[in-house]
Each structure stands twice: as structure tokens, then as C-alpha cells.
Amino acid sequence: MALLTLSSPHAKGPQRTSNMMRWVIAMTLPGLLLQTLFFGWGNLHNVLWCVLVAIISEAIVLKIRKRPIGFYLNDYSAVVTAVLLGLALPPFVPWWVSLVATSFSIIFAKHLYGGMGYNPFNPAMVGYALVLVSFPVAMTTNWAMPLPLLEQPATLLETLSIIWGQTPIADGLTGATPLDTYKHEIAHSLSDTVLANPIFGSGFSLGWEWVNAAFLAGGIVLIALKVIPWQTPVGLLLGLAIPAAILGHDADQTAPIILHLTSGATMLGAFFIATDPVSSCTTTRGRFIYGFGIGLLTYIIRAHGSYPDAIAFAVLLMNFAAPLIDVYTQPRTYGYVDSKRGPKAKEKH
Amino acid sequence: MSASFKPTPSSKVISTRTIYDFHGGIHPEEMKTLSNQTAIVQPTIPPKLVLPLQQHIGKPSQLIVELGQRVLKGQKLADADGMISVALHAPTSGIIDSIVDHPIAHPSGESGACIVLIPDGKDEWCELEPCEHYEHLSVSKIQAKVREAGVAGMGGAGFPTEVKLHPPHHDKVATLILNAAECEPYITADDRLMRERAEEVVQGMEIMAYALQPGECLIGIEDNKPEAVAALREAAKETQIEICVVPTKYPSGGEKQIIKLLTDKEVPNGKIPADIGVMCQNVGTAAAIYRAVRFGEPLISRVTTLTGEGIQQPGNVEALIGTPIDWLISQYGFQEKKTERLIMGGPMMGFTLKHIETPIVKTTNCILAPTHKDLPPPPPAQACIRCGLCADVCPAVLLPQQLYWFSRAQEYDKAEHHNLFDCIECGACSYVCPSSIPLVQYYRHAKGEIKQQKQDQLKSDQARERFEARQFRLDREQAEKDAKRKARAENAAKAQAAKKAAEAVKPADSNTEVQNKIASEDTVDTNKAAVQAALERSKEKNQTNSVSKPEEVIDLDALKTTWDKTQAKLDKMHDALDDAKTNNSDQVEKLTRAVEKNQMRVNQAKQAWKKASASLKTVAETEAVQGSEAEKPDISVLATALEKAQSKLDKMQDALDNAQPEQVEKLTRAVEKNKVRVNQAQQAWEDASASQTTKVETSSETLTDATKQSDTVEQPDIEALESAVEKVQSKLEKMQDALENAQPEQVEKLTRAVEKNKIRVEAAENALKAANSISVTNQNGEQ
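Chains as they are written, first to last, in my numbering: chain A, 14 to 362; chain B, 50 to 832.
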């Protein structure tokens, strides 16, 4: 009898990469739903459009790389990138902006480094940063006004024709984000005056607070399922909250902490973007430092930089630092007194 | 707990002990109910038993039975070889059929030496040594009984148990732990053993405690075995043994992990549990120890789980050691078609069997026959997404992800730095990996590569050291040679200068010129020069002093000593030549050196003669010119004779330079002949010196007396000289013969040698003529 000879171990657990990716996508859906409710059809369209572009781009690149397309598309990593981009980009951003962002992130930021698992930078954030820097007008003037504040919100067809460049965007449909508003207004007003703006709703950020809450809920579920580790999101939120509490205690100078936590892409960044496993740290201590670094950088850029929302840049900057953080945060192995932290050359023999 | 139950003060059965935790761990499907529902069965005796000689860690057992021998059940078949080894016994009575290479239980599927025993069905026990009360035995007797019984670790490693019954020399045993965790899925052998034979297990632990005298005794058992826990508690209620129930988690049954769980101590890197005062044994081993000590029964069977969907009647069997697995599982409904692989051990750490006829050994705790339902084929590996789930579950707190990256990139030094060798290969990391990467296989490969690299490094270091040492030795020898040569050259130059100075003083003499010419043709040696210097000193002494007979005598004595030295040297060379006879040309070089030495000695003696003759001449000149003249030819003739000897040596040296083994013999003869010649020359010299002494003594007397004496002395001298010449000529003939028979490469050298010799012969003949003419004129003169 011919017996198959394999070496141990023979048993395999139930977790699969494509499963994890699908869970991530699934947990963004509540947030997406609320975004659609509060900001219109733009985000939904963008998500679908970006997914399409991502799949086609990946298929083309895999063909060029002579890899089995089905095997690689099935790990859903391109879909995750596309979904995150679709959620992060402004709702009325032109179709070619999201095309550029998505295809660049898939082709350059992912496959040119070797594909899934080999990219040192978060691909979605690379695409986002590219279009933010290259098309600043398109990226800053296409944020949607919260629907409760509009008398005539754009219909689906209207939204589509705006995005696809058929009709110019009507004035009232877009407006600055709460973070942007606060940043510019507080320079010459007091916080009371600024916060009187209807865009802030009841003192937080109208619409944005619900979206962030939905992303927070989705993230907690992912942590419970062990799809993402808890150290990175907690680190990020602390890294954002603590400086905001210390330096931003005076609401008359800078945005208050609550605005930071409920506005912009904070929760999306914390639970979905920063937790991209490939580009983040691997050690548990390292993850915390990494997340904390992102939060800190986000606060600094938001408060003192020229961009209203800084998650993308903060994440990219910490992606640079992640390997070094790993080297210095190795855990103590069983049976050793100290952990072997630091580069190998330092070790005394 | 019922009201009647009153725990006695000494009973710690219900442990309130803190159970600690270890990092990581996984919770795979246990699959224990497949095989733990039925009691242990005893299969019938198989038709054949295959007993490998190595079923343990350490040296293989030494065979002590012969082919065709009938053995009884429990009879020793192979003895333990040294301290780390285990004996082997016959599981049933039968005939030793053969001792062959047979596939053994090893992941590689290799074969090993095995005893094939054909049972005779009678199952007759041999004589046993039971002991009712082990506490009446000494500890060493118990250790001996366990060793005699061939008990090895039955948890899977197979370490000789008797070694673990010796308390570690540097420390006492603080904690004795019995590992009853059985954390791997599917395996239930220890579970059923504890349920049915808890007393044996506990008694076995008591015996171990008696031998080791530990501070505390603990049994670590997982909470998925409640019946076994209850049975153990019942069996241990009168003892000091604590039953510690740990949460079910894989791999809590690993030695390092169970120690951490029960004592919160970590076994330091590179050390064994004994170094922290902990001794760990399997429950099956404890039961075996009990049977060995109480009943004298050797280890001849063990409980093995047969499980998996590929076996229709799964359960536990008390299999005889050496039972072929194909026979065993066919007894319990093995379904070949549904089973792709057979695993010895569990699904996490067991290895696949290449040959289905592999026998059961002392460490076989499970045979798993999985179908696709149990163990689906591994899915293709995807890229690592760096999720870190592997690091979360690693019980050794490693970074499996980093180890994977380094192993793949073949950066083995970085992998080692990340403590690759602390990996216990439990498989928890690859179990959780969502990309289905075969992580443990990568680590095993990396470990193998690193070990191989270290071995290669060791070899190349050794080779390099040896090479350097050899280079150093050769350089040193070369330096010594160069120094010697340089010194010789310097001394020779000095000698030449001194000689020239001496020549300037002496009157020109044709013979002397010839001799000088011949002398210059010789190889210049340091000793010769040194002797030269000494002779100069003595010459000076002679010149400064007035004619004094004692001094002359001293001079001659010194020369005699020098002559002896030359003789000795010649002997040495003779010995060397003997060596050259049996060896190759390497020895020839040595021999050449010897020859050179001898030659220089000869030269020095010659020089001594010259000096002596010169000094004596000057002395004699003052007395009798004729006498001195008479003396002169004697000495010069003898000097020539001596020179012949030296020239022969020279030639022989040249010949030896290219001596082939066939030639060596010829040259040996040549050496002997030369020796004879030298002897004769020496004799002549002695005579001459004796006659000269007498001559000198009587030189003050009448010249006629001197002449007469010189006459009488001359004749034999001339005879001697003639014989010397004859010999030289015969030598020449011999060398010519040698030349004819010589190899083409040697021809040139031998030709030169021959020519040299011819010159010498001519010179000798001239000298002889001169001597003859002188003596004739002398006689004539006298007459």
C-alpha cells in the first residue's frame, strides 16, 4: 500500500485569509450604510466603482506577472483595499480620481512590491495620499453636506452624473468637513461661535459621529473574532486622545477631543486602515507603539498641518517605522531571562 | 462531595494548588471520544514480532541471543550498552528467526537492525524476580531492577528511565511531576490506562518518589478526562501525591509547558528540567516501573490507541512491543482505501509511516488512520499576511512570522538570533495560520541547514588549523635549512680566505695544489670550516711554541679524535642508507645530508692532516730535511688516499641524489667498500703517525736512522697506497658498471661522478708516482 508521507503537523485550523478579509469587508457595511444615509449615494457608488477597478487592475497585473488569477483574487485583499478607498474618498469625487487612486494602490503599492503580504505601505493609503497631493481641489471641494441639512439632497442619478462629470456639482451639495471648518474658523472665532455652525450638530459632528460609531462597533466585532488585534486601534485612539486632551484642552485654540474622536476617518482609520496586518507591526508591544504613533501624528497634522484629515499620512509615516519598532519590541522567549531586543550586531557573545 | 468524606491531613487529593498558565496554545478538536469509550483490549499474539534494537534515546542495545535460539517471555534479548541505553526483552516465547534490517518507526522511513521473533504460541514466562515491598529494597537495587526491565520513557521520547531515577548530582529534586496531560487530539492511551490501572500509576510514582526523595509529587492532568481524574484521586488518597487539573489546551502536555503550568518555573534555555529541580515522567512509564519492581516484569507491551476514521473499531490495545502495525490495524478493521496516510502519534506531532509493516515500539502511543474527513489534505499556501496569530499561540513565545521570513530568505543567522532552536515544533503556529503556510516544516529545514553549516564550519576550521600548522612547520624547516646554508657559506668563505692566507705561507707544492684543487671541488661544510679554524688555532700554537714533542703528540691526538668523528659519521650514514633501502627517495635526501656530513668530516680530517703535516714538516725541517721529505710523501700520499675515500663518498652522494631503490643496493655496497677504504686509510694514518712519532723521537739521532726508519715505514706505506689505488680503481669500475645499469636520468649524474672519480684516481696515481719517485730518490739518495 502506497502511503503518503508528509511531515508533522498534519492538522489545520479553520481560519483562512480570505475569511478574514471578508469579515473586514462585512464589518464596514454598517458604516457604509450610515454614510449613505447621511451623505448620499456617493460613497456607495465609489465603493462599487473602486472594487471594479481594483479587480480589473489586479487581474491585469497578475496576468503580466504570470500568476494564477483566480487563486490570488480569491484572497479578497484587493477588494478590501478598494472598499477602504471607497469609504475614505469624498463622496462626489470624480470617477477618474478614484480610478487613479485605486489602480495606483493595487498596481504600484501592492503588486510592484510582490503582491499581498509583501507591501511595506498600506496600499489604500498610498492611493489616497497620491490623489490628495495630485488633485487637491478635487479632494477638498467634493465633501458632501450632511443630508439633514439639505432641502434637496441629490438623487442617485444626479450623484452618478456629477461623479461621471456629466453635470457640474450644485453649490449647496458640498461643503467643508467639520474638522476643516473648525480649523479655519477657530483662528478668528471662539469655540461657541464655531460650534454654532449646524455642521456640528449637537456639539459633535453631524452625520460623522454616527458613521464613526458604526465603524467603532464593526471594529469591536472584528477584535472579538480575532481578525484584528486590539493593540493597534486602542493605541491609535489613545495616541489621538491623550495629546488632544492635553494640548487641545482649550477649545478656543484647537479642536476639542470629542471632535477628533467623532469626526473624520478616526474610527475607520483605527479599526480598518491601521490594522492592515501586512504593513503594521508584528509584535504585540510594537503594535501598540505603532498605533500610538499614528494617533499622535494624526493629531499633530490635524492641529498644525495644512490638511484637515491626516490619517493617510500618519499611517504612511508609521509604515516606515514599523520594521524598526519590531526589532526593538521582541518578546522574551520561554527559558530566557531577557528578550533579545535590538539588532543582531549588538548582541554580545 | 459526600458528608462522609473526610480528607485526612496528609491527603492533598483535592488540590488547591494554583495552576499557572503558559503563553499561547490552541484548542483543536479533541476527537477523544472515538477511542476512549472502550476498555483496553489484548490482541492475540501476532504471527511475527519485529524488535528494533533501538527504541530509545542513546546507544542501541547489544544483542545477546543467537539465531535459532528459543527464548521465553520476558527473557532478555539485548543488553543495554552503557549508561544511556535500554535493554530489550522477548514479548512472548518463541524462536529467534533472524536479525535483519527492517523498516523502523522513524519519520524518514529508514531501516534499522531488528530481531525477528516467531512466537510459538505457548506464551511461557521466564523466571521473574517479584518483590512485594519495594521499600525493603535499596534505592540502587530498585534502579537496577528498572534498568534490567528495559523501561524507557513511554511518552514519546524514549529516554532511559533508570537514568531519571538517579537524583541529579548538583541539586535535589524539588518537584516530581507525572505528565498525564495527553494534550494531543485523538490519543487516549494514557486516559484509559489511568481509568483502569490508576493504582499501578500511583504505585509507580511512589517508587519513583522513594528513589528520588522529591519535595512534592504532582500529577498534571487535563480537565477533559474527568473519569481519569476521579480514578487517580481514589488511588492517591492515602498518599502525598497531588492531582492537579489543568485546563485543556494544546500543548499543555509538553514537558516545558506542564512544568510552567504546575510550578510557574521555566526551564532555562539550553538546560534540562533537572537543572531547576524538576523531574518529569509519563504515566505509562510510572506503570511500567511498578510492574518492573513489584512483579519483575520487563517492558514487553504498551497501551496504544488505534484511531481515526480509517479504523472501523477504534480503541486502545495492549500491544506487544514489536507487533507489526499492518497486522495490528487489520485486526481492528483498517480501511485501506479511505486512508491516505498512516500516522504514528497524533495529528500535531506524529510522523507518517512510509512502510505499513513498521513494528510497534516502546514509544508508540497512537496509530492514527485518518480519512479526508479527519485530516483533509493541506490547502495550498498563500502569502503571509503578517496577521500575527502565530505569535499569539506560540507556547515558546517566539515570533514564528519572523522565523518564517528568515527561513525563507535563508537568513539563518537572523533566524537563530530569533531563538529558532527554542521551537518545540508543536505545530500550533501552522494550525492557526490563515494562509496555510507549512511553518513548522520551514523551521525544521532551517534548523537542519544551520546544523549542517555549523558542521561544515567546524570541518573547515579544523582543516585550516592543520594547514596553518603544516605551513608553519614547513616554513620553519625551510628557515632552518636556509640559515644553515647561509652559515656554511659564510664559514666556507672564511675558510677559503684563511686557507688562502695559509697557502701564502706554505711553499707551493704540486701535490698540495692538486689536493687543494680537489678540496675546492668538494662541498664546503660548516664543520669543515670550524675544524679549519680549530686547526689554525692549533697551528698557531705549534708555531708559537718551540718544537715540543708533547705538543706534536697532542696535535696528532686531536687529529686522531677528529678522525674518529669522521668514522662515526660514516657509520651514521651507513644506517641512513639502510633506511633508504626500504624507503623511497624521501630518505635519500636524508641520506644525502648524512653523506655530506661524513664528507665534511673526512675533509676536516684531511685538513687536519695537512696542518699536522705542515707543522710536523716545519718541525722536522729544523732537524732533517730528508726526514721531513721522507715524511712528506708518506703524509701526502696518505692524504691522497684519504682524499680518495672522500671522493668516493662524493660520488656516492651524487649517485644517491638520484638513487632508485634498485640502485640503492649497489650504492650500499659502494658505501661499504668506501668504509673499508677509509678504515685502511685510517690504519695507514695511524701507522704513519706512529712511525712519525718514532721518527720525531729519533730525529734528534742520526739521519741515517731516520732514513732507515723511513725506508722501513715507506714500504708498507707505499703498499698501502698501492692497495688504496687498486681499490679506487675497482671502485671506479664498479661505478662504471652502475652507470651502465643506471636509468637515463641518472646517467648524467653518474657520468659526472665517474669523471670526478677518474680525476681523483689520476691524482692518486700521480701522488703515488710522486711518492714512489721520492722514495726512490730517497733511497737513491741514501744509497
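The beta-carbon is built from N, C-alpha and C at its ideal position, and this holds for glycine as well.
Report yes if the CB atom of B:Thr412 is closer than 9 Å to the CB atom of B:Gly205, and no otherwise.
yes
Please determine, among B:Pro322, B:Ala223 and B:Ile145, the residue with the shortest C-alpha to C-alpha distance to B:Gln306.
B:Pro322
DSSP beta-bridge partners for B:Gln330?
B:Leu227
Tell me where the beta strand (DSSP E) around B:Thr356 begins and ends.
Ser350 to Thr356 is the extent of the beta strand (DSSP E) around B:Thr356.
Taking the beta carbon of A:Phe285 as the centre, do at least 16 other beta carbons fall within 10 Å, making it buried, or is it exposed?
A:Phe285 is buried by the Cβ-count criterion.
Which residues bound the alpha helix (DSSP H) around B:Asp531?
Leu488 to Val554
Anything in the segment 385-398 of chain B with a Cβ closer than 7 Å to a Cβ of chain A? List those residues in chain order, please.
Glu385, Glu389, Arg390, Leu391, Ile392, Pro396, Met397 and Met398
With DSSP collapsed to three states, give me the class of B:Arg809.
Helix, per DSSP.
In angstroms, rounded to a whole number, what distance separates the CA positions of B:Tyr339 and B:Gln330?
13 Å
Compare the Cα-Cα distances from B:Glu814 to each of B:Lys700, B:Lys798 and B:Lys693 and report the closest residue.
B:Lys693
Just to check my reading of the structure: A:Leu17 and B:Thr401 have Cβ atoms closer than 8 Å, yes? What is that Cβ distance to the nearest angstrom?
7 Å
What does a CB cutoff of less than 7 Å around A:Ser293 pick up in its chain, not counting 5 residues either side in sequence?
Thr245, Ala287, Arg300, Tyr303 and Ala335
Spell out whether any CB of chain B is found under 9 Å from the CB atom of A:Asp40.
Note that residue 40 of chain A is Met in the sequence shown, not Asp. By the rule that beta-carbons nearer than 9 Å mark a contact, A:Met40 does not touch chain B.
Sorted by chain position, which residues of the same chain lie with C-beta nearer than 6 Å to B:Val327's C-beta, five sequence neighbours on each side aside?
Thr224 and Ile308
Going along the chain, which residues of its own chain have a beta-carbon closer than 7 Å to the beta-carbon of B:Lys55, five neighbours each way excluded?
Confidence at B:Lys55 is low in this model, with a pLDDT of 40, below 50, so its placement is unreliable and no value can be given for it.
Can you tell me which of B:Thr354, B:Thr420 and B:Ile370 puts its alpha carbon nearest to the alpha carbon of B:Gly364?
The shortest Cα separation from B:Gly364 among B:Thr354, B:Thr420 and B:Ile370 belongs to B:Thr354.
Among the candidates A:Met152, A:Phe217 and A:Gln266, whose CA atom is the shortest distance from the CA of A:Met188?
Looking at the sequence shown, residue 188 of chain A is not Met but Gly. For the residues A:Met152, A:Phe217 and A:Gln266, the minimum Cα distance to A:Gly188 belongs to A:Met152.
Compare the C-beta of A:Pro290 with all C-beta atoms of chain B and state if any pair is closer than 9 Å.
Yes, A:Pro290 lies at the interface with chain B (some Cβ there is under 9 Å from its Cβ).
To which residues of the same chain is B:Ser147 closer than 7 Å at the C-beta, ignoring the five residues directly before and after it?
In chain order, Leu116 and Val165 place their CB closer than 7 Å to the CB of B:Ser147, counting only its own chain and leaving out the 5 sequence neighbours on each side.
Which residue wins for smallest C-alpha separation from A:Ile176, given the options A:Glu71, A:Arg315, A:Gly99 and A:Trp221?
Closest by alpha carbon: A:Gly99.
Between the beta-carbon of A:Thr206 and the beta-carbon of A:Glu198, is there less than 9 Å?
yes
Less than 9 Å between CB atoms is the rule here; does A:Leu251 satisfy it with respect to chain B?
no
Hey, does B:Arg493 have any beta-carbon neighbour from chain A nearer than 9 Å?
yes
Does the segment 21-38 of chain A touch the segment 78-92 of chain A, meaning 3 or more C-beta pairs lie closer than 8 Å?
yes
Any idea if B:Glu809 is buried or exposed, counting beta-carbon neighbours within 10 angstroms, 16 or more meaning buried?
Sequence inspection shows Arg at residue 809 of chain B; the Glu mentioned does not correspond to that position. Residue environment analysis places B:Arg809 among the buried positions, since at least 16 neighbouring C-beta atoms fall within 10 angstroms of its C-beta.
Would a check of beta-carbon distances place A:Ala316 closer than 9 Å to chain B?
no
Shortest alpha-carbon distance to A:Thr296 belongs to which of B:Lys535, B:Leu452 and B:Glu249?
B:Leu452
Helix or strand or just coil, what does DSSP make of A:Met14?
In this structure, A:Met14 counts as coil in the three-state DSSP scheme.
Examine chain D for any beta-carbon lying closer than 9 Å to the beta-carbon of B:Glu315, and answer yes or no.
In the structure shown, chain D cannot be found, because the protein chains are A and B.
So, under 8 Å CB-CB, B:Lys386 and B:Glu358 are touching, yes? Tell me the CB distance rounded to an integer number of Å.
With 8 Å as the limit, B:Lys386 and B:Glu358 do not qualify as a contact, their Cβ atoms being about 12 Å apart.
Just by C-beta distance, which residues in the segment 67-98 of chain B are closer than 8 Å to chain A?
Phe71, His72, Ile75 and Pro77
Nearest to A:Val366 by alpha carbon, out of A:Val247, A:Leu143, A:Ile233 and A:Gly216?
Only positions 14 to 362 of chain A appear in this structure, which leaves residue 366 of chain A out of reach.
Taking the C-alpha atoms as reference points, what is the distance between B:Lys508 and B:Lys463?
C-alpha separation (whole angstroms): 23 Å.
Counting pairs of Cβ atoms below 8 Å between the segment 440-458 of chain B and the segment 467-478 of chain B, do you hit three or more?
yes
Taking B:Ala445 as the query, report the chain A residues whose CB atoms sit under 7 Å from its CB, ordered along the chain.
Thr346 and Tyr347
Within 9 Å of any Cβ in chain A, is that where the Cβ of B:Val212 sits?
no
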